[in-house]
Amino acid sequence: MKRLTLLPGLLFLMLQAAFSQESGSCKPVNLVCDYLVNPLGIDNPAPRLSWMLNDARKGARQTACQVIVDKDSLELIAGKGTIWDSGKKDSEQILITYSGQELRPFTKYYWRVNVWDKDGVKSSSAINSFETGMMGMEHWQGAWISDNKDINYRPAPYFRKVFDARKKIRSARAYIAVAGLYELYINGEKIGNHRLDPLYTRFDRRNFYVTYDITSQIQKGKNAIGVLLGNGWYNHQSMAVWDFHRAPWRNRPAFCMDVRITYEDGSVEVVSTERDWKTSSGALIFNSIYTAEHYDARLEQKGWNTVNFDDSKWNGVGYRAVPSQNVVSQQVQPIRAVETIPVKIWKKLNDTTYVFDFARNMAGVTRIKVSGEEGTVVRLKHGERLYDNGRVNTSNIDVYHRPVDNSDPFQTDILVLSGKGEDEFMARFNYKGFRYVEVTSTNPLVLNENNLTAYFVHSDVPQKGMIHTSNALINRLWWATNNAYLSNLMGYPTDCPQREKNGWTGDGHFAIETALYNYDGITVYEKWLADHRDEQQPNGVLPDIIPTGGWGYGTDNGLDWTSTIALIPWNIYMFYGDHKLLADCYENIKRYVDYVDRTSPTGLTSWGRGDWVPVKSHSSKELTSSVYFYVDTKILANAAKMFNKTEDYKYYSALANKIKNAINDKFLNRETGIYGSGVQTEQSVPLQWGIVPEELKRKVARNLAKQVEAAGFHLDVGVLGAKAILNALSENGEAETAYKLAAQDTYPSWGCWIANGATTLLENWDLNATRDISDNHMMFGEIGGWFYKGLGGIFPDPENPGFKHILLRPNFPSGLNELEARYQSPYGEICSKWERKKNRIVYHVTVPANSTATFYAPDNVKGERAVKLEAGKHILELPIKRAVY
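Read in the working numbering, the sequence shown has 730 at position 727, and its numbers run on one by one without any break.
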């Protein structure tokens, strides 16, 4: 008996000792180069190198760091860095820009980090690498080639070349630049798992190339390269209201490729695109990024991408001009088929008609495996809704399609069967927005749930955040928001994955905080802001869809939408502590603000789209657009101060104050605390964006809360109000009202969608609306970020961005018993977790190593208002002042 009681105690001591030893260690981990792990094809001459500190001790921090870089990993093991040695820097910095010897193209560099912890003890990271790519147009050897067909020729071009690798191979890389889309094959094997590469850009101003390690695919002796090109946004053959078929860059797809082989003896051979390549059409008889793909399995040329294929009937290729003089490496998290989703429900309507339900709205593609009579035409119609008769209804999403005939049906893949056993088809150069698929055929088919599979396709950004609460509706709403966000991330944020696929600027910045709390999307946003810079007019004006073939430079492409040029770089700086994007966009923001300043000398402007898709109340466009003018100008002034642009700082600070005063002078009734007519959007937007004088914030917020209460805790806003209202309430003493609004499940509310079966966010509050009725839209998506802010209370500190210092301002509304918010910051995981225990809140906090936090107590708890927290885990017991918040 004595032994049984002692042994657990001894075991506890041993475990405690082991834990203490483990938690006493400090190590730099999660090394990334330009936010990618061991990237290939880096073009940046000064890449950013960053890491985290793995140290679970209380007060853990880095007191010094050293970065060393070498071409030989053994040198790093020996502690040497002949390419760059930053030297020991007394710094807590975890992001350093490379500043060593000039980086050479086609070179692999190894790097590691040494850090010194709070006690001055040194530790070293594992060795990581980055490999440079072309680093300049002059290093390309290949020519741009095409099949010389007309832009209206529908079959996709296939290309091939056989070459001989005569010696033993040490390494091989493929560098491929494409105007359009592509799939690359070596000896019959598809290279890589990306989809829809290269990403969509303004093709006449910037083109991407992608780098692959193909060492294991190249063999000594004969090898075959195969390339299949798709149209993408480059050659838009489908007709739609956005006029992409009239894009100034439009042409038949073309590509350029260098295969660079390094042999064991150190010699290098480059196999590149030239006129000795051959081309042909094949089974892919039509492809449109907007509508669908058509595939005739009878036309398959088996083995077309292998060495022994007979290409005697194939044609020669021709040269093409380079699409732009800016061909750069695609250093962006790629689009992939991230999740496989099986059929949940299926129904046979007749011998030639089946309907499949995946029980989830998504962006992606489907794969069908089917056998049937030769020449049987199989149609796969993808949609979000069903008619009463059970068939797929696309009427809510095909409204902007303008087909010239019925040969290009919307979101409908067409497969012609070979009659030679099982045919398999999945769209390569297209994606769709759908939940349901209707399969029809010209001859009877026997199908079941195993014949069709869906793939959720999106930019494969790592997840960084997690929300879990005691309210099932909130949990489901958080999940649906993320599902909608990912459905609309395809190398740029889109509005919807079906009807438009457009990079609407407003939708992008309305959801930016939701995006950054939940996903590591910096590479996508850096890419998209480069698109902004490509699209900006010399006078500073931006279109409201980016990229664009020309549509979007209308009369409403104003501040409430195109403030992306300022808001997204600023949010990236807040979340990552990295000001590179802000610096890259500084002159663009300045040109943009200057244009509005010239055209709106009073400080007030009505330039914009306004509070799009409101419930019923309409807001002053002059009020909301002027607020965004202020926000952009304030960001510009802050950036000017950061970059030591003294004169700019003075000028734009004064301009921001002028705009703010003009808004308040015209729209604020200081006696009543009401802006404009007092509707929800007009009250919340000035609160959200810092327009309201400090002494009036609580009064304005109380008026807003009264409006919400009078509406039965329902929304009466459009997109601008939806971005602002929850923050305006919860950050100004009205968190209880904000929570009731967020947790509402009847119309109009976010929760109403979920209560009625939605698995994504919708475009219209009204489920019975007759326009603006996409069922997968992101413009109302701010709520996904608000869960971290308004409930979890996790905020970056503008004075110490990147969560170097964390502001913790959680709220404990009476209707919620538990919340857990986790966010992987650049310093490590932040956890803000609380649960209600009768008359107190038990609050658990994790502050990552090398970071600090300040906890600010909400009004409904007793105790100290502000508590400083060092790195480590903390538990706070917080007595509640009153039963009702």
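We treat Cβ as the ideally placed atom computed from N, Cα and C, and that holds for glycine.
Here the structure is a predicted model, which means the values were calculated and not measured.
- Please state whether DSSP places Ser26 in a helix, a strand or coil. Note that Ser26 has pLDDT 40, beneath the 50 cutoff, so the model's placement of it is unreliable and the number below is only indicative. Of the three classes helix, strand and coil, the one that applies to Ser26 here is helix, per DSSP.
- Euclidean distance between Cα positions of Leu819 and Gly681: 29 Å
- Can you grab the Cα-Cα spacing for the pair Arg301 / Val440, in whole Å? 24 Å
- Hey, is the region 801–815 in contact with the region 519–536, meaning 3+ C-beta pairs nearer than 8 Å? Between the region 801–815 and the region 519–536, the count of C-beta pairs closer than 8 Å stays below three; the two stretches do not touch.
- Message: Would Ala856 and Gly831 be called neighbours here (beta carbons separated by less than 8 Å)?
- Response: no
- Message: Using a Cβ-Cβ cutoff of less than 7 Å, which residues in the same chain neighbour Asp314 once the five nearest sequence positions on both sides are dropped?
- Response: Arg163, Lys281
- Query: Taking buried to mean at least 16 other C-beta atoms within 10 Å of its own C-beta, is Val3 buried or exposed?
  - Reply: Since the displayed the chain opens at 4 and closes at 888, residue 3 lies outside it and no answer follows.
- Going by beta carbon distance, what residues of the same chain come within less than 7 Å of Gln96, once the five residues before and after it are set aside? Cys68
- Query: Are the CB atoms of Leu794 and Asp778 nearer to each other than 8 Å?
  - Reply: no
- Item | alpha helix (DSSP H) runs wholly inside the region 540–620, at least 4 long, in chain order | Taking only runs of at least 4 residues, the alpha helix (DSSP H) segments lying wholly in the region 540–620 are 562–565, 567–579, 583–602.
- Item | Local conformation of Ala824 per DSSP, three classes | strand
- Message: Can you list, in chain order, the residues of its chain with a C-beta nearer than 6 Å to that of Ile878? Leave out the 5 residues immediately preceding and following it.
- Response: His847
- Would you mind working out which of Tyr112, His239, Gly224, Val70 sits nearest Asp46, comparing C-alpha positions? Comparing alpha carbon positions, the residue from Tyr112, His239, Gly224, Val70 closest to Asp46 is Tyr112.
- Query: Should Glu25 be labelled buried (16 or more other beta-carbon atoms within 10 Å of its own) or exposed?
  - Reply: A caution first: Glu25 carries a pLDDT of 36, below 50, which makes its placement in the model too unreliable to give a value.
- If you check the beta carbons only, do Phe432 and Gly235 fall under 8 Å apart? yes
- Task: Give a yes or no on whether the C-beta atoms belonging to Asp581 and Arg51 are separated by under 8 Å.
- Result: The beta carbons of Asp581 and Arg51 sit closer together than 8 Å.
- Where the alpha helix (DSSP H) through Asn485 begins and ends: 475–490
- How big is the Cα-Cα spacing for Gly611 and Val630? 11 Å
- Item | Span separating the alpha-carbon of Trp482 from that of Pro751 | 20 Å
- Based on Cα-Cα distance, which residue from Lys700, Ser828, Lys637, Lys865 lies nearest to Asn842? Lys865
- Message: Using CA atoms only, rank isn't needed, just tell me which of Trp87, Ser174, Pro882 is closest to Asp268.
- Response: Ranking Trp87, Ser174, Pro882 by CA distance to the CA of Asp268 puts Ser174 first.
- Under the three-state DSSP convention, the category Tyr298 falls into: strand
- Could you check if Ala761 is buried or exposed, using at least 16 other CB atoms within 10 Å of its CB as the buried criterion? When all chains shown are included, Ala761 counts as buried.
- Query: What is the residue span of the alpha helix (DSSP H) that Cys499 lies within?
  - Reply: Unbroken run through Cys499: none, as it is neither H nor E.
- Helix or strand or just coil, what does DSSP make of Trp119? Three-state DSSP puts Trp119 in a strand.
- Item | Alpha carbon of Leu202 to alpha carbon of Gln691, nearest angstrom | 34 Å
- Task: Consult DSSP for Asn3 and reduce its assignment to one of helix, strand or coil.
- Result: This structure does not reach residue 3, given that the chain is present from 4 up to 888, and the question cannot be answered.
- Message: Residues in the same chain with beta-carbon distance under 8 Å from Arg278, minus the five sequence neighbours each way, listed in chain order, please.
- Response: Ala146, Ile148, Gly319, Val320, Gly321, Tyr322
- Message: Please classify Asp120 as buried or exposed, where buried requires at least 16 neighbouring CB atoms within 10 angstroms.
- Response: buried
- With DSSP run on the structure shown, which of helix, strand or coil describes Gln466? It is a strand residue.
- Buried or exposed: where does Pro882 fall if 16 or more other Cβ atoms within 10 Å of its Cβ makes it buried? exposed
- Flag this pair as yes or no: are the beta carbons of Asp88 and Ile71 separated by less than 8 Å? yes
- Using DSSP bridges, identify the partner residues of Met429. Arg370
- Query: So what's Ser89 in DSSP terms, helix, strand or just coil?
  - Reply: Assignment of Ser89 by DSSP, reduced to helix, strand and coil, places it in the coil class.
- Query: At what residue ranges does the region 681–751 contain a whole run of the alpha helix (DSSP H), taking only runs of 4 or more?
  - Reply: 683–691, 700–713, 722–733, 738–745
- Which of helix, strand or coil DSSP assigns to Leu626: Here Leu626 sits in helix by DSSP.
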